[in-house]
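Visitor: Here the sequence shown is numbered in my numbering, starting from 153 and rising by one per residue.
Using N, Cα and C, we set each Cβ at its ideal position, and we do this for glycine too.
Keep in mind the model is a prediction, meaning the values are calculated, not measured.
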Amino acid sequence: MDRFDYIRWPRTDDGMILFKSTSEAFYYAANIFTNEPMFQEIQLSHRKCIARFESLRPLTEDNLQAFLEVSYKIQFFRECIEEVTRIRKVLKYNVH
């Protein structure tokens, strides 16, 4: 896996952070746990993906691929958020 810092991380055409695996989400989390604006960007992207997911319902053959793609994004963003939270708790890091 290529390593990027959080500034040069690959993004989608609309500017959303792009994760291809759980390990990438964890790696990103380890790089941003002290950076509150970047953490908030991940949280916002997670909420946007959930809204997109809800807009795709009901599941049909026509929207199956989009449904799966957004499901993966939701999962990776959630894992990143949980990892940042876990790191902060372990290190007793407080964001002011």
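Whole-angstrom Cβ separation of Glu213 and Ala177, contact assumed at under 8 Å?
Guide: Actually they do not touch by this definition, with Cβ atoms about 29 Å apart.
Visitor: CB-CB under 6 Å to Leu243, same chain, minus the five flanking residues each way: which ones, in chain order?
Guide: none
Visitor: Output the distance between the C-alpha atoms of Phe171 and Arg204, rounded to the nearest integer angstrom.
Guide: 17 Å
Visitor: Look at the alpha carbon of Ser207 and the alpha carbon of Asn183, and state the distance between them as a whole number of angstroms.
Guide: 32 Å
Visitor: Assuming Phe228 and Thr174 form a contact by the criterion Cβ under 8 Å, report the distance between their Cβ atoms to the nearest whole angstrom.
Guide: 7 Å
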